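J.: Chains as they are written, first to last, in the working numbering: chain A, 1 to 330; chain B, 1001 to 1436.
Have a look at this one before I ask anything.
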Amino acid sequence: MSTATKKPQTPWRVSTPASAKKKKPAKAPDGAVVKSLNGNWGYLFTAPFIVMFLVFGLAPVVYSVYIAFFQWDPLDMTHNYVGIANFQRVVADDQFWLAVRNTFSIWALSTFPQMLMAIGLANVLRNPKLKFKTFWRTMLLVPNITSVLAVAIVFGQLFSRDFGLVNLAREWLGMPDHINFVSETIPGHIAIATMITWRWLGYNALIFLAAMLAVPNELYEAAAIDGASSWRQFTNVTLPGIRNTITFVLVVGTIGGLQVFAEPLTLAGGESGGDSRQFSTLTLFLFEQAHMGNWGYAATIGIMITFIVLIISGINFFFTRRIANGENVQ
Amino acid sequence: MKKLIARVAATAVALALPLSMVAPAHASATPVTISVWTYGNVIEPQALIDYKKIHPEITIQLKKSGLDAHHQSLITSFLANKTPDIAAVEVSYSGYFRSYPQYFTDLRQAPYNSGSIQSNYLPWRWAQGVGYEGTVFGIPTDVGGMEVAYRTDLFKAHGLPTDRTKVAKLWPTWDAFFNTGKLYQSHLSKAEKTSCTKLKVCYGFIDNAGTVYNAVLNQGTQKYYQNDGTKDGKLIYSTNPQVKKAFQTTANALASGVGTNINSFTNDWNVGMNKGIFATILAPAWMMDYIKQQAPKTKGKWDIAALPGGGGNLGGSQLTIPKAAAHKSQAWDFIKWYLSPAEQLAIFKKYGLFPSTSVLYNNPALKNYKDPFFNNAPVGAIYGASVQTLHPIYEGKKERAIDNIIGQALSRVGLKKQSAAAAWTQAMNEIKNAVG
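Structure representation (structure tokens):
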């Protein structure tokens, strides 16, 4: 009986798809269109990016890897294949390693003090009692929207040897020895780091501020009830709350720091980076070689920069994971 | 009816078009924009205003960049086959481009026929625009020349004569020039001496003794390359005695302490020029305008005397028409006009750029020209006499890079970071790595 009742049901059930097919047209169009969008039309919509990326992103990268195996003067009609000679040369090139050292020196001098200052500045701006909040936050971004070259020129004047404001200020403070920022290595690096810090401090402070504002207010209230001083609140509530942001700023700062270009170029007044190449950073060295007509070698340097960025990113990734895991445990 | 009107209108247009095209063609009034890429002041603003009066239909679009940036973007434009109609090429890069004449219009050919105007120009300046296989790729603009600009008031205060012929007699040679510098330094006032020990702002005879290098080098007949008829020339930087001599002379000058070690075109230099920190500058003709702009209050205090060791030169350009230029004939018209003796004379009077059109050198308008800013020195006669004593020098392919490396080495000597011998060795190694 049950089977008998089920049996007639089966044909009916079988017929359901048929009726559903008839019914579907009422409902199907939406689903059908969405499906075909996901399948094929999606590529069309992403095409502008894909094409741009292929033409201006991937193709130059592939091409520069190609020319790294050549002795390649841009205007010559023929180019000599030299195998891995450019790579052998770059590894043994003192000027390359000097550029690596300079880059990291400037990076360290500009990143770490800047991070401390940006966090401090953000903490000041976080203060709910602060007046003209929007004004201060806007002002922080002004250095960032100023042209890099204009900044470099103005700072170049501030740091000039005989009549620069920095040296005049030192004189006034009782230090009459004029520092020749353009010819001395570490003072020059500090001058460049100052330009970078001035430019990016406000931007990073705003990112830290955003992270701090996301820290729940209850935590501060609870801490205050427990009698925590504002310094304790800062170290025990604010800092743990913005840990991920600190990593983010560090990663972005590192990528930018490895590409520092305009500031050392202007301070040194040339692509070779000063009389002892003391401001020759990696990107500056790449430009110098390219402009001397050594495109193959310049491309090789570019590939080396990529490797360095990959290594640094790997280290960053390692630390980020540890910090993130630590937070989960908490 | 409508069709008829349309047909009549079409016929009218068809008839009018050729007419309208023929009529202005005689006045060549088709508006054309020619693009010109330069650096610095190769093409002076007054010239554009004047040219607009003669050729109202031509609009000149001027793009100015820094010296190195300009030449680099020119190379890129050659590769992209999208070039300006006119491009300036500076002397320090002419050696590079002479290896690649295929990217330029050969101006010897008709309809340019540069041979017909060649005799107007200084032969050695003309040669800087000739490709390795004889094509003419550029016409010379101004010639730098080089003399000594000195401050008469400071010379007087430091026990030196002020009259320009007497001053020139002080330094027939470079050694005599530096001895004069030492004499000047020995007369520094107490205030000037304390400034150096206490304030670390040191007064000196010459702005930067490092500038001597180029002056001495250009007084020879060869620089870093020898013309052996090949595309790139033969490198002789390590064996040419003139290079070593120029380096050694400059290193000695730097060691003698007669310079202030202030680099040209820096903020300190501009301030120092106004404050009288230094008394002499090795000045190409185009530098006179720079001094006028930067230190207008020193008017009348300057004078010009002959360069030790004979003539000198720094800078100068050629105007070229790249092969891929879109408006070659208009470009040539402008070049021929701008670099004609008459226009070059006008530019000299207004801006002090010294013409390389040597037919002018005996022209009274140039020969008798006196500049009140420089104590009425007959700058036309002084620079004219000096540039004619120079020999044609073969400018090599990577001269700019070699110049930079040697400049850095001399900087290190001047800042006492290195001995002259060590700096020379390092420079030779760096050049070997950079250019072979």
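Think of the CB as a built atom: it goes at the ideal place given N, C-alpha and C, for glycine as much as any other residue.
As the structure is a prediction and not an experimental result, all values here were calculated from the model.
1) Determine whether the beta carbon atoms of Y1224/B and N1214/B lie at a separation below 9 angstroms.
2) Quick one: which unbroken alpha helix (DSSP H) runs of 4-plus residues sit fully inside the region 1310 to 1352 of chain B? Chain order, please.
3) Flag this pair as yes or no: are the beta carbons of Q1289/B and Y1338/B separated by less than 9 angstroms?
4) From the DSSP output, in three-state form, read off N80/A for me.
5) When the distance is taken between beta carbons, is P1372/B closer than 9 angstroms to S1077/B?
6) Looking only at its own chain, which residues have a Cβ that is under 8 angstroms from the Cβ of I67/A, when we skip the five neighbours before and after it?
7) Does any CB atom of chain B fall closer than 9 angstroms to the CB of P113/A?
8) Give the interface partners of F1205/B over in chain A, defined as CB-CB distance under 7 angstroms, in chain order.
9) Report the residue ranges of all alpha helix (DSSP H) runs contained in full by the region 144 to 225 of chain A; include only those spanning at least 4 residues, in chain order.
10) Among the residues of its own chain, which have a CB less than 6 angstroms from the CB of T1211/B, if the five just before and after it don't count?
11) Does P8/A come out as helix, strand or coil in the three-state DSSP assignment?
12) Let me check one thing: in DSSP terms, what residues is W1302/B bridge-paired to?
13) Looking at the C-beta of N167/A, does it have a partner C-beta in chain B at a distance below 9 angstroms?
14) List, in chain order, every chain A residue whose beta-carbon is nearer than 9 angstroms to that of S1068/B.
15) In the DSSP assignment, what are the bridge partners of G1204/B?
16) I want to see whether chain A comes within less than 9 angstroms of V1106/B, judged by CB atoms only; does it?
17) Would L75/A pass as an interface residue toward chain B - the criterion being a Cβ-Cβ separation below 9 angstroms?
18) Out of G1311/B, K1416/B, N1362/B, point me to the one whose CA is closest to G1145/B's CA.
19) Give me whichever residues DSSP pairs with V1089/B in a beta bridge.
20) With three or more C-beta pairs closer than 8 angstroms as the rule, is the region 128 to 141 of chain A touching the region 242 to 262 of chain A?
21) Where do the N-terminal and C-terminal ends of the beta strand (DSSP E) with Y1039/B fall, by residue?
22) Hey, how far is the Cα of L1154/B from the Cα of D1050/B?
23) On the three-pair Cβ rule with 8 angstroms, is the region 1078 to 1085 of chain B touching the region 1030 to 1042 of chain B?
24) Given this structure, state the Cα-to-Cα distance separating F1348/B from A1365/B, to the nearest angstrom.
25) Which residues, in chain order, does the region 1269 to 1285 of chain B contribute to contact with chain A at a C-beta distance below 8 angstroms?
26) Starting from G1131/B and walking both ways along the beta strand (DSSP E), at which residues does that stretch end?
27) Pick helix, strand or coil for V260/A, following the three-state DSSP scheme.
28) For chain A, check one thing: does any of its Cβ atoms lie closer than 9 angstroms to the Cβ of I1075/B?
29) Give the secondary structure of I315/A by DSSP, where H, G and I count as helix, E and B as strand, and everything else as coil.
30) DSSP three-state call for G31/A: helix, strand or coil?
31) Compute the Euclidean distance between the alpha carbons of A223/A and F234/A, then round it to the nearest angstrom.
32) Touching or not, the region 122 to 131 of chain A and the region 185 to 200 of chain A, by the rule of three or more beta carbon pairs under 8 angstroms?
33) By a C-beta neighbour count over all protein chains shown, 10 Å radius and 16 as the cutoff for buried, is V91/A buried or exposed?
34) Please go through the same chain and pick out, in chain order, the residues whose beta-carbon is closer than 6 angstroms to the beta-carbon of T1221/B, but skip the five residues on each side of it.
35) Which of the three DSSP states, helix, strand or coil, is assigned to K21/A?
36) Whole angstroms is fine: what's the gap from N1368/B's alpha carbon to A1381/B's?
T.: Looking at the coordinates:
1) Between Y1224/B and N1214/B, the CB-CB gap reaches or exceeds 9 angstroms.
2) 1328 to 1338, 1341 to 1351, all fully within the region 1310 to 1352 of chain B.
3) In the sequence under discussion, the amino acid at residue 1289/B is Asp, which differs from the Gln named in the question. The Cβ-Cβ distance between D1289/B and Y1338/B does not fall below 9 angstroms.
4) N80/A: strand per DSSP, three-state reduction.
5) No; because the gap between Cβ atoms is not below 9 angstroms, this pair is not in contact.
6) The residues are H79, W295, G296, A299.
7) Using beta-carbon distances, P113/A does not count as an interface residue toward chain B, since no partner is under 9 angstroms.
8) The CB of F1205/B never comes closer than 7 angstroms to any CB in chain A; the least such distance is about 16 angstroms.
9) Correct list: 148 to 158, 165 to 172, 185 to 213, 217 to 225.
10) Listed in chain order, the non-local C-beta contacts of T1211/B below 6 angstroms within the same chain comprise L1282, local neighbours out to five positions each way being set aside.
11) Because the pLDDT of P8/A is 43, which lies under 50, any placement of that residue in the model is unreliable, and the number read from its coordinates should be weighed accordingly. In this structure, P8/A counts as helix in the three-state DSSP scheme.
12) As DSSP reads the structure, W1302/B sits in a beta bridge with R1151/B.
13) With 9 angstroms as the cut-off, N167/A counts as an interface residue toward chain B.
14) The residue you asked about is not Ser; residue 1068/B is Asp in the sequence shown. Simply G270, E271, H291.
15) According to DSSP, which records beta bridges pairwise, G1204/B is partnered with F1278/B.
16) Contrary to the premise, residue 1106/B reads as Asp rather than Val in this sequence. Cβ-Cβ to chain A under 9 angstroms: no for D1106/B.
17) Any Cβ of chain B closer than 9 angstroms to the Cβ of L75/A would place that residue at the interface, and such an atom is present.
18) Among G1311/B, K1416/B, N1362/B, the Cα nearest to that of G1145/B belongs to G1311/B.
19) Per the DSSP secondary-structure output, V1089/B pairs in a beta bridge with Q1318/B.
20) No: fewer than three Cβ pairs fall under 8 angstroms.
21) Residues 1032 to 1039.
22) So the alpha carbons of these two residues sit roughly 40 angstroms apart.
23) Here the region 1078 to 1085 of chain B makes contact with the region 1030 to 1042 of chain B; the two share three or more CB pairs at distances below 8 angstroms.
24) When rounded, the distance between both Cα atoms is 10 angstroms.
25) Along the region 1269 to 1285 of chain B, the positions whose C-beta sits under 8 angstroms from a C-beta of chain A are V1271, G1272, I1277, read in chain order.
26) Here G1131/B belongs to no beta strand (DSSP E), and DSSP marks it neither H nor E.
27) Coil.
28) Closer than 9 angstroms to some Cβ of chain A, the Cβ of I1075/B qualifies, so yes.
29) The answer is helix: DSSP assigns I315/A an H, G or I state.
30) Because G31/A carries a pLDDT of 49, less than 50, the predicted location of this residue cannot be relied on, and no value is offered for it.
31) The alpha-carbon atoms of A223/A and F234/A are separated by roughly 10 angstroms.
32) With a cut-off of 8 angstroms on Cβ pairs, the region 122 to 131 of chain A is not in contact with the region 185 to 200 of chain A, counting fewer than three such pairs.
33) V91/A should be labelled exposed.
34) Within the same chain, T1221/B has close Cβ partners H1391.
35) Below a pLDDT of 50, predicted positions are generally treated as unreliable, and K21/A, at 46, falls in that range; no measurement from the model is reported.
36) Looking at the two C-alpha atoms, the distance is approximately 7 angstroms.
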